[in-house]
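In the working numbering, the protein residues as written are 260 to 499. Single-structure report; data block below.
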């Protein structure tokens, strides 16, 4: 008797389904699969993927309310991370079944609302009020500080990569500007030297002395020259 009743119910359900216009595909959309591998149709996979994305956005909207309490916020943040992992698996299943790749779009939406904490391991994100929970805010501040230090730190290998021929002066005079400047400075120093010699009434030709220390000042050079120059004797003077 029970068997006949089950058959009757099955036939009734089939008739009601046909009457309402529901197909087996529509029936499958009402039964949430436990694993993504259970779905063999790309249309069904996209349906469940979109439902998970919708659940993620609803949860992100709820977690913006800081008055929920610390424990409720932590639980909700854990749920969002679980849903994100499920969404990634549905994205992969859709691609396996020949559907479009929507991973970049989904990640951009989640990145706009959440922040990943890389201290102590990456992959876990904090959303809304969860980013201001006790202990979490300090970890984010430390992460930002470490990132600033990493951005300003330059390794020895990076310094060597920055070295180019300009560092060694190989291209200092490609345009001839340096040679012209050096020649002009040399002429200027030479004119100043001649003017100094002229004030002392000395013959410039007599100042050519190989033993002079040329890193001294001009007056010291001239003084050294005068001290070492042989004394001239006037023939008209009586030396006796």
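For each residue, glycine too, the CB sits at the ideal point set by N, CA and C.
### Query
Which word fits residue 346, buried or exposed, when buried means at least 16 other C-beta atoms lie within 10 angstroms of its C-beta?
buried
### Message
Tell me which residues share the same chain as residue 325 and place their Cβ nearer than 6 Å to its Cβ, disregarding the 5 neighbours each side in the sequence.
### Response
388
### Message
Let me make sure I understand the geometry here. Which of 399, 335, 304 has the alpha-carbon closest to that of residue 317?
### Response
335
### Query
DSSP three-state call for residue 384: helix, strand or coil?
strand
### Message
With the cut-off set at 8 Å, would you say residue 298 and residue 342 are in Cβ contact?
### Response
no
### Query
Below 8 Å between beta carbons: does that hold for residue 293 and residue 349?
no
### Message
What residue range does the alpha helix (DSSP H) around residue 347 cover?
### Response
329–355
### Task
Would you kindly work out how many angstroms separate the C-alpha atoms of residue 402 and residue 305, rounded to a whole number?
36 Å
### Per DSSP, cross-strand counterpart(s) of residue 373
386
### Task
Measure how close the beta-carbons of residue 414 and residue 352 come, nearest whole angstrom, since I'm counting them as under 8 Å.
With 8 Å as the limit, residue 414 and residue 352 do not qualify as a contact, their Cβ atoms being about 42 Å apart.
### Query
On the three-state DSSP scale, how would you describe residue 402?
helix
### Message
So for residue 299, helix, strand or coil by DSSP?
### Response
coil
### Message
Taking only three categories from DSSP, how would you classify residue 294?
### Response
coil
### Message
Using CA atoms only, rank isn't needed, just tell me which of 291, 425, 301 is closest to residue 360.
### Response
301
### Query
For residue 423, which of helix, strand or coil comes out of DSSP?
coil
### Task
Note down, in chain order, each residue of its chain lying with its Cβ closer than 8 Å to the Cβ of residue 338, except the 5 sequence neighbours on either side.
318
### Query
In whole angstroms, what is the alpha-carbon distance linking residue 404 and residue 420?
26 Å
#### Entry: Assumed close pair residue 384, residue 373 - CB separation to whole angstroms, cut-off 8 Å
4 Å
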